[in-house]
Amino acid sequence: MTLPLPLRAAILPALLAATVFATASFASSASADPLPPSADQPYPGTIQMKIDASDTARNIFRIQQSIPVRPGKMTLLYPQWVTAQHGPTGALHQLAGLKVSANGKPVAWKRDPLNVFAFQVDVPRDAKTLEVEYQHLSPNEAGQGRIAMTPDILGIQWQSMTMYPAGYHVRRIPIQTTLTLPAGWQYGTALETASRQGDEVRFKATDLETFIDSPLFAGRHFRQIDLDPGAKLPVRLNIVADTAEALEAKPEQIAPHRELVRQAYKLFDSQHYAHYDFLFALSDEFGGVGREHHQSSENAVKANYFTEWTKTEAVRTLLPHEFTHSWNGKFRRPKGQDVPNFNTPLDNNLLWVYEGQTQYWGQVLSSRSGLVQQSSVRDMIASMAATYANVQGRSWRPVIDTTNDPIITQRRPQVWPNWQRSEDYYSEGALIWLDVDTKIRELSGEKRSLDDFARVFFGVDNGTIVAKHYTFDDVVKALNTLQPFDWAPFLKQRVEETGPAPLDGLARAGWKLVYTDKQTDFLKGVEDVSKTANFQYSLGFSVGSDGKIAAIVWDGPGFKAGLAGNTTVLAVNGRAYKPELLRSAVTAAVKDSKPIDLLVKRGNDYRTVSLDYHGGLKYPRLERIDGTPDRLQLILQPRK
């Protein structure tokens, strides 16, 4: 209701006064109790936790905790900042049924009204232990989140199951866990098993930081493959799958996975784990994941990984990427990731090192191990180069600002990702490290490379598991020690400034980005698997299998013609849409001045959009630069 002007003038001061008073009163009642500072000293006692993960019919995890306590005010925390996700993405919305008791009597709890991950309790005077009971309600369908439990597979990320006392560094809080699995299931984890009786598994006590960093996969169909037979420090591939058939890996398929371990050791010349466990789910139901941990990693791809080997080359960079993280991101971590607990904000400023260089080594090790053909890795680099050469958001947003995206967007879909940018520190970071690698090689007369940096920076303190943190200055110092140069401005220009994509390293590697009217076999295979038709470098968008337009290039031909998201292509020049029909129309338009007419549907509206484009099909690939050394070939070849 809109008030008449005189009445508004008469009552506005009173309304303002009332509003100020109400706001002040609310602020007073809602003020958060500050969390106690985290003390770097041992917690007095060991948390005992039991998790029942047997309810695969309803995807419910039932948790009980016994927490040693002292009388008085206490705050229990639910983890908010998930390090491997780089943001405040703790699954608090999946916590339910919280009950607290002591000596068999209920104890009231109160959620902090401003810090909703904090739960305050008054511990009774005679209590020595708090009994905490709750459930983790894992998603039943994709719209609720990633599926982490199916009738045949479950994955446990312990931070989603755990509450812990505030006031202590998590590395100083001991915890001992007992897990009940579905009947007969086997499991893989970096945690040390104390005993197993039937389907109840008891793990050895460890500190809370290590516990949270050691997830578990379990399944009805399970296989463990030794990737470094006879080694003092085992590396194991723990596979769970929808079916027993999906576990069947041929010797020639296992061989490059074993070579991955050997090539990683050649590169880093160190190990920073007691043993390493790949947790690997092959499933069409279990949610896809790639997440790093210090002594393990969570990995999930489609069920055909082994059974249709020729179709899965594009996803075989996942394991090399996550394995690299044991050195980069977990053993060596940015200083901003050195936090006392899981409820302290993370500084993501150096994710272009943490994730960007890992992306680079993931592709390099994919080639060196034979998991991916060298020509296919070149195609991946061509795709990255083309992507960032066409990301219009580069004109206003530097790559370092994208390290904030896990916090800003929390990986939710964006409206115009080509303009807004996303977590570009991954792949654009890889291009920056290709630039660094080739620069070192050029300056040193091919005597040194980024391989040497990997050894001196990530290979220090061999055998140490405790994290070693670094700053930007530490990275620059290590580069200057390896190869004197003005590395600080070199890196800052590429990371902190806007402008063209960082493709100097590609040219220095002896290759250039070009576009042709035919896709490479590898990129065509990627398109076939993803069921998309890529017209990004011609029409300025891609089209999904259902005809829905996606990945629209800001200010590209499609954008200028008025296309936006939630639009479906129904017809091309009057004929029902098919990918090959649109490709033919783009090719024909090279010699025809008429625009390409698309009948599209957006919501309930139908209209014809005319694309005045005559440049032909354009697909990225790399082409050799005559008369230059082929440094890329040297980078991607296996180490002897």
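Numbering (mature numbering (1 follows the signal peptide of the UniProt record, and there is no 0)) for the sequence shown: -32 to -1, 1 to 608.
By construction, the Cβ of each residue, glycine as well, lies at the ideal position given by its N, Cα and C atoms.
For clarity, every value in this text was computed on a predicted model and none was experimentally measured.
CA-to-CA distance, residue j to residue i, given in whole angstroms
| i | j | result |
| --- | --- | --- |
| G23 | W126 | Checking the sequence shown, residue 23 turns out to be Asp, not Gly. Whole-angstrom Cα-Cα distance: 17 Å. |
| N83 | I35 | 21 Å |
| Q33 | F310 | 18 Å |
| L98 | L602 | 60 Å |
| V540 | I564 | 7 Å |
| L459 | D420 | 18 Å |
| P81 | M129 | 22 Å |
| L339 | F248 | 16 Å |
| K445 | P452 | 9 Å |
| R592 | K480 | 6 Å |
| L399 | P4 | 43 Å |
| V229 | W277 | 20 Å |
| P174 | L538 | Reading the sequence as shown, one finds Thr at residue 174 and not Pro. Distance between the alpha carbons of T174 and L538 is about 58 Å. |
| E227 | W455 | 33 Å |
| I193 | E260 | 19 Å |
| D441 | Q53 | 25 Å |
| residue 612 | R589 | As displayed, the chain neither begins before -32 nor continues past 608, which places residue 612 out of reach and without an answer. |
| S264 | W153 | 20 Å |
| L195 | Q221 | 12 Å |
| residue 609 | Q331 | The first residue shown for the chain is -32 and the last is 608, placing residue 609 beyond what the model contains. |
| N267 | S561 | 50 Å |
| G467 | S412 | 28 Å |
| W164 | E410 | The amino acid occupying residue 164 in the given sequence is Arg; Trp does not appear at that position. Rounded to whole angstroms, R164 to E410 spans 56 Å at the Cα level. |
| A110 | M131 | 25 Å |
| D594 | A477 | 12 Å |
| R607 | A232 | 10 Å |
| R416 | R599 | 12 Å |
| P224 | Q112 | 36 Å |
| L402 | W384 | 28 Å |
With 16 other Cβ atoms within 10 Å as the buried cut-off, status of residue i
| i | result |
| --- | --- |
| P381 | exposed |
| I376 | exposed |
| D392 | buried |
| Y574 | exposed |
| H437 | exposed |
| D496 | exposed |
| G40 | exposed |
| H61 | exposed |
| residue 655 | Any answer about residue 655 is impossible in this case: the structure gives the chain only from -32 up to 608. |
| R204 | buried |
| S294 | buried |
| T535 | buried |
| E290 | buried |
| V50 | buried |
| S351 | buried |
| T370 | buried |
| D245 | buried |
Beta bridge counterpart(s) of residue i as assigned by DSSP
| i | result |
| --- | --- |
| A544 | A539 |
| Q221 | In the DSSP output, where bridge partners are listed per residue, Q221 has none listed. |
| M117 | L122 |
| W295 | Note: W295 sits in no beta bridge, so no partner. |
| E391 | Answer by DSSP bridge pairing: none, since E391 is not bridged. |
| T51 | For T51, which the question treats as bridged, DSSP gives no partner whatsoever. |
| P74 | S69 |
| V568 | V537 and R575 |
| A501 | V511 |
| residue 609 | With the chain covering -32 to 608 only, the question about residue 609 has no answer from this structure. |
| R230 | Partner(s): none; R230 has no beta bridge. |
| Y155 | A186 |
| H437 | R301 |
| M42 | V89 |
Distance between beta carbons of residue j and residue i, contact taken as under 8 Å
| i | j | result |
| --- | --- | --- |
| V424 | W320 | With a Cβ gap of about 20 Å, V424 and W320 do not count as contacting. |
| Q88 | K78 | 5 Å |
| S426 | R336 | Reading off the sequence shown, one finds Phe at residue 426, where the question assumed Ser. Not a contact, Cβ separation roughly 16 Å. |
| L450 | I408 | 7 Å |
| V345 | S363 | Contact flag wrong, Cβ pair sits at about 29 Å. |
| A353 | A469 | 7 Å |
| N386 | I180 | Incorrect: roughly 36 Å between the Cβ atoms, too far for contact. |
**Contact the region 16 to 34 vs the region 136 to 155: 3+ CB pairs below 8 Å** = Enough Cβ pairs lie closer than 8 Å, so yes.
**Prompt:** Should the region 165 to 174 be called in touch with the region 208 to 222, which here means at least 3 C-beta pairs below 8 Å?
**Reply:** They do not touch, by the three-pair rule.
**Request:** Check whether the region 430 to 437 touches the region 230 to 247, counting contact only when three or more Cβ pairs, one atom from each stretch, lie closer than 8 Å.
**Result:** At 8 Å Cβ cutoff, the stretches touch.
**Prompt:** Is there contact between the region 179 to 187 and the region 114 to 125, where contact requires at least three CB pairs shorter than 8 Å?
**Reply:** At 8 Å Cβ cutoff, the stretches touch.
**Request:** For the region 465 to 475 and the region 487 to 494, state whether three or more C-beta atom pairs, one from each stretch, are separated by less than 8 Å.
**Result:** Result no; under three Cβ-Cβ pairs closer than 8 Å.
**Prompt:** At a cut of 8 Å, does the region 249 to 258 reach the region 267 to 276 through at least three beta carbon pairs?
**Reply:** Segments in contact, yes.
**Request:** May I ask you to verify whether the region 516 to 531 touches the region 575 to 590, counting CB pairs closer than 8 Å and requiring at least 3?
**Result:** As far as the Cβ criterion goes, the region 516 to 531 touches the region 575 to 590, which means the pair count is three or higher.
**Message:** Across the region 504 to 520 and the region 543 to 562, are there enough close Cβ pairs to call them in contact, namely three or more that are closer than 8 Å?
**Reply:** Judged by Cβ distances under 8 Å, the region 504 to 520 makes contact with the region 543 to 562, as three or more pairs qualify.
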